[in-house]
Amino acid sequence: MADQVKCLYCGKKIPADSAHCPECGAVSHFQERGYRAGVRRKFIFWFVLLVIFCAIMIVWFPR
Ligand SMILES: [Zn+2]
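Counting from 1, position 4 in the sequence shown corresponds to residue 9 in my numbering; the numbering is continuous, with no gaps.
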């Protein structure tokens with residue numbers, strides 16, 4: 006039997022291992038740690054890309 010947790014958004018009981026609430030579709034905050042670590046890595050990747058883009062714009066922006 007899977008553990009059940011309360012959805013943070015709608016308060017309905019949802020399986021602890023589900024990625025999304027089946028009632029309201031919100032992302033579950035009780036899921037495996039690996040998923041959130043992956044999201045954070047993806048965020049850092051896009052942040053670094055944005056910083057590099059800004060640096061290029063600062064250097065090459067016509068004055
Ligand atoms: Zn919900």
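Where a beta carbon is used, it is the ideal one built from N, C-alpha and C, also for glycine.
Review point. If you draw a straight line from the C-alpha of Leu13 to the C-alpha of Ser33, how long is it?
Key: Along the sequence shown, read from residue 1 onward, the residue named residue 13 stands at position 8. Along the sequence shown, read from residue 1 onward, the residue named residue 33 stands at position 28. When rounded, the distance between both Cα atoms is 8 angstroms.
Check your understanding: Is it the case that the CB of Ala24 approaches a heavy atom of ligand 1 more closely than 7 angstroms?
Key -> For the purposes of this step, residue 24 is taken as residue 19 along the sequence shown, with counting starting at 1. Not one heavy atom of ligand 1 falls within 7 angstroms of the beta-carbon of Ala24.
Point to revise | Val10 - partner residues in DSSP beta bridges | key: Numbered from 1 along the sequence shown, position 5 holds the residue referred to as residue 10. DSSP links Val10 through a beta bridge to Ile19.
Practice item. Work out the CA separation of Phe66 and Trp51 for me, nearest whole Å. Key: Taking the first residue of the sequence shown as 1, we reach residue 51 at position 46. Taking the first residue of the sequence shown as 1, we reach residue 66 at position 61. Taking the Cα positions, Trp51 is about 21 angstroms away from Phe66.
Point to revise | Distance, Cys15 Cα to Ile63 Cα | key: Within the sequence shown, residue 63 is the residue found at index 58, counting from 1. Within the sequence shown, residue 15 is the residue found at index 10, counting from 1. In this structure, the CA atom of Ile63 is about 45 angstroms from the CA atom of Cys15.
Exercise for review: Quick one: using the 10 Å Cβ neighbour count with 16 as the cut-off for buried, is Ile57 buried or exposed?
Suggested key: Within the sequence shown, the letter at position 52 stands for residue 57. Exposed.
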